[in-house]
Amino acid sequence: MEQSTVAAAQPALQEEELEEQEQEQAPRTPYRTPPGTTFGQRERQEAARVAQLIASQYQSRWFAVDTEVSDIDVKKESPCGHGRVTCLSLYCGDNVNFALPGEAPKRQLWVDTLGMDDEEEGAAVMEEFRVFLEDPSIRKIWHNYSFDRHVLANHGIVPRGFGADTIHMARLLDSSRRGTKSYSLESLTGDYFKGDSTIQQRSKTSMKELFGKGALKKDGTEGKVKKLPPIDEIQRDPEQREKFIDYSAFDAKATFKLYEVLREHLQGRVCQINPPVALACNMRPGWTMWDLYEKFWQPFGGLLVDMERAGMLVDRDHLAAAQIQAEADQQEARRFFQRWASARVPAAQHMNVTSVAQIQQLLFAGVQNAKDPTCILEPGRKFKTANVDGFIEEGKKLARKHIEFELHGVWGPNKKSPLKPEQVTPTGWPAVSVPVLRSLAGKPGTARKALSELPDSSISSVDDIDLVEDPEGPWLNDPELAPAKAPMVNLEVTTAETAKLEAEAAENGYGKLYAAFGGGKDGLEACAAVDALCNVGAIDTLLSNFILPLQGSEVATRDVQGKPNRIHCSLNINTETGRLSARRPNLQNQPAMEKDRYKVRKAFTADIANGNTLIVADYSQLELRLLAHVAECKSMLEAFKLGGDFHSRTALGMYDHIKEAIDQGKCLLEWEDPTSKPPVPLLKDMFKSERQKAKVLNFSIAYGKTAHGLAQDFKTSLDEAKQTVERWYADRPEVLKWQQAQRMNATKHGFVSTLIGRQRQLPDAMTSSSKAKGHALRAAINTPIQGSAADVATAAMLAIGRHQRLRELGWTLLLQVHDEVILEGPKESAEEAQKIVVDCMENPFDGKRDVLEVALEVSSNIADTWYEAK
DNA sequence: GTAGCTAGCGCC
DNA sequence: AAAGGGCGCTAGCTAC
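Residue numbers (our numbering): 38 to 907.
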């Protein structure tokens, strides 16, 4: 084996290879040093020798570097603050020799930073490689730099000299790898080295296959399901060690070879850049994807890792308070709904109100499946719930773990639901999403208010229901949810009566349940209950997606007192369009505006105690501006040039009667002065619905939405929707032309390009008609827009990231949310920094002015929290 | 007990 | 025949 095993000492385990490779861990067995093994001095000396050799002879070479990592659950935990490096592997080509004179040549380096039994051994060896890792002049190639970078930082090592990330290179070349064709080292080397057995060896076997062990069963035999033991255990296991070193050292070699082959592929592809952008960035004809990588994505890779490292400070006290309030609100809403439900379906006392299946059962029992009319939602369905109260059934001695209960519809046992599903899931069952429930319940709060205003003593009618013994089981969980005598519901109403009730509902803002329950108190109660159910779900989402996980320690690092505070998501270039995505946690989907009812964004704060604040800056209408630019749409360009409310201008261009009103001075497009009132109404108030339609169209059309879809959204006829769409295009013929050209492009060549010439492959666009083709053709018109917006954001961030003055002032990028960036820095220089940030964003391409046909407008705020910056 | 699916929903 | 692009995450449920 042409490997130099360098040295020894520290705890340890495993490396994720990026994207989801499941690696469960088998129970840890105690480690014992094999007899006769000596580690320590010798390994450290060898490490020093090799590090010295690199510094003296191989400093100008590019090294592929890889690590194995222990003590981390890569599915849940951020590598910032979690994980220890067990070994390093290095490779810089075959024409080197790390061996001592007289030894066989050694070209692959494998460095044991774990040691055999003494943590100090490994730490000492790692220390010998600090200079190499931190030397900015030695360029390093990584496969998923982010992970290794953060874990090395857990040892106090800050790698520098970032040269390339083979994952980003592979993404740039082809963003559509899926399933087994992933971006893992195994998969990529397997594909790019077809037929080369020396490189391919790894593509066939995963770490789990090689080192996995069946968990021991009770009888002492190995089970069938393989589990990966902790990496430190494998690495120290005398029987596995050699195989492990072989495996792990190969990663660096594979990364190196992959880099070479990907670079060649990228160099072989000339890209089409938007001409003014090419001019601004000095990108000459013949510019290749490799040039693109070097100019944009390589430095971007480094920047993203710095952002991840910086992390966002989170105010956990604020979240804890939000949690208490949210839980109280949710409890109230849940009870309100569940009392109503269990009055009609006794078993509903046991139900889980956040279960889609159970809600479907209550509201839609007995209805047909839209895809397969021979299937119906059973009249009664059994569910289980945890037996938390330890209820013991009659004749039994022990409490069962679960209580089984059967739900029928709220209209009574064996009664088919009178509701017509207005929306179905892809599998054909009635959807119970918020829009559906909302249409059943009516306007938020309306029914409940009406209920409280009823003249008789039945204000708290739901609370007054007579309790009865439930023959079906216990209701110890919450006595307030005890079953009640189901009120009689008269379902035998005439169509005339129904029509009257429906009109009454429409007039008052009640939902469809009002008529379905025969109106009156019963109808109002049903609406109010489902209204409450909507609230339960909304609060549930806020709690389980945001408020709770943000308080965990999996994604946080700790402050000097050891208190978790900064949150480090991972920022990935892993989308089809070139947008970023954020994971663990996803900080790009935190609730905003009115959805943020517990002010989660207030928890994202600057380090105020240390004199910091935030700058939040975002592009206004970035995608629409880029559409105007690439399509060279006169009307849109003009509208942006004139400024003001873009959607109002769109409405103005679409409807003659609005134009008339404006021309006659009956209405104003906008009013700048906030201190005074406009003399006549504003367009956005006078023609609210027209403006709303224009706004929806502005967004939808870029996504390729059809008249059919719009008709559903607007709840209008297909003809009317078609007419609206035609109106939109009538004012913007260039957009239609451009979209057709893009579709044609995709159909003919199988790809489309963004502003800077990134390509998205769309092979399905070249196939004959199918569902997949439809999707590809919509992507063909959306990707150049969404992808170009991503290009602009990338270029702007690079400009911000390398701005010398911003650095001097101490400003750091923390997060990007597609068209928005967040920075943190010292309060006293906030205004100066803000100007710079805005300038970088408005002139993202090498700082050149007026590159695009349309100006890029940026609005920004300085505030201590994300919430306040909006 | 876990894996994979379905449904739903947060953001731009 | 379907009918708006791009993401990540959670929960419930079923099948293994």
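All C-beta atoms in this analysis are idealised placements derived from N, C-alpha and C, irrespective of residue type, glycine included.
Check	Outcome
Of the residues Val106, Thr594 and Lys452, which one's Cα is nearest the Cα of Val382?	Lys452
Starting from His187, trace the beta strand (DSSP E) both ways and give me its first and last residue.	Run containing His187: none in the beta strand (DSSP E); it sits in the alpha helix (DSSP H), Tyr182 to Ala190.
Within 10 Å of its beta-carbon, does Phe169 have 16 or more other beta-carbons around it, so buried, or fewer, so exposed?	buried
Considering only residues of the same chain and omitting the five flanking positions on each side of Asp202, which have a CB-CB separation below 6 Å?	Trp179, Tyr182 and Gly338
Counting only the same chain and skipping the five closest in sequence on each side, list residues whose C-beta sits under 7 Å from that of Gln335.	Ala201
Look up Pro601 in the DSSP assignment and say whether it is helix, strand or coil.	strand
At 4 residues or longer, and completely inside the region 832-891: list those alpha helix (DSSP H) runs for me, N to C.	841-846 and 867-879
If we call anything under 9 Å between Cβ atoms a contact, is Leu860 one with Leu651?	yes
Over the uninterrupted alpha helix (DSSP H) stretch that includes Gln777, give me the two end residues.	Pro770 to His786
I'd like to know whether the C-beta atoms of Glu709 and Asp682 end up nearer to each other than 9 Å.	no
For the beta strand (DSSP E) that contains Lys421, what are its first and last residues?	Gly417 to Ala423
Are Asp211 and Gln798 close, meaning C-beta to C-beta below 9 Å?	yes
Might you give, ordered along the chain, the residues of its own chain that have their beta carbon closer than 6 Å to the beta carbon of Lys636, omitting 5 neighbours on each side?	Tyr904
Per DSSP, what kind of secondary structure is Gly479 in: helix, strand or coil?	strand
Figure out for me which residue from Phe293, Leu661 and Glu276 has the closest Cα to the Cα of Ile236.	Phe293
With Glu441 as the anchor, note down where its beta strand (DSSP E) starts and where it stops.	His439 to His445
With 16 as the cutoff for other CB atoms within 10 Å, does Asn424 come out buried or exposed?	buried
Use the C-beta contact count for Lys632: other C-beta atoms within 10 angstroms, 16 or more gives buried, fewer gives exposed.	exposed
Which whole-angstrom value describes the C-beta separation of His355 and Phe442, a residue pair presumed to lie in contact below a C-beta threshold of 8 Å?	At roughly 39 Å, the Cβ-Cβ gap does not stay under 8 Å, so His355 and Phe442 are not in contact.
Tell me Met349's beta-bridge partners as DSSP assigns them.	Ile604
Kindly indicate the opening and closing residues of the alpha helix (DSSP H) around Glu157.	Glu156 to Glu165
To the nearest angstrom, report how far apart Thr642 and Asn649 are at their CA atoms.	9 Å
Evaluate Gly862 with the Cβ neighbour count: other Cβ atoms within 10 Å of its Cβ, from every protein chain shown; 16 or more gives buried, anything less gives exposed.	buried
Considering Tyr284, what are the terminal residues of the alpha helix (DSSP H) in which it resides?	Arg278 to Gln304
Just verifying my parser: in three-state terms, what is the DSSP assignment at Val148?	strand
Taking the alpha helix (DSSP H) that Glu697 falls in, what are its first and last residues?	Asp693 to Asp700
With respect to the alpha helix (DSSP H) encompassing Cys564, which residues constitute its N-terminal and C-terminal limits?	Gly557 to Thr578
How should Tyr68 be labelled, buried or exposed, when 16 other C-beta atoms within 10 angstroms of its C-beta is the threshold for buried?	Below a pLDDT of 50, predicted positions are generally treated as unreliable, and Tyr68, at 39, falls in that range; the measurement from the model is reported next regardless. So Tyr68 ends up on the exposed side.
If you reduce the DSSP assignment to three classes, tell me which class Trp719 lands in.	Residue 719 is actually Leu in this sequence, not Trp. Of the three classes helix, strand and coil, the one that applies to Leu719 here is strand, per DSSP.
Within the same chain, show all residues whose beta-carbon is closer than 8 Å to that of Ile413, passing over the 5 residues directly before and after it, in chain order.	Gly403, Val404, Gln405 and Asn406
On a Cα-Cα basis, can you pick out the residue from Gly348, Lys730, Leu850 and Phe373 that is closest to Ile837?	Leu850
Please check the pair Arg638 and Thr902, which I expect to be a contact at CB under 8 Å, by giving their CB distance rounded to whole angstroms.	7 Å
If you count every other CB in all the chains shown that lies within 10 Å of the CB of Phe287, and 16 or more means buried, which is it?	buried
Would you check if the distance between the CB atom of Met673 and the CB atom of Val854 is smaller than 9 Å?	no
Can you tell me which of the three DSSP states Gln405 falls into?	strand
Residues in the same chain with beta-carbon distance under 6 Å from Ala593, minus the five sequence neighbours each way, listed in chain order, please.	Pro601 and Ile604
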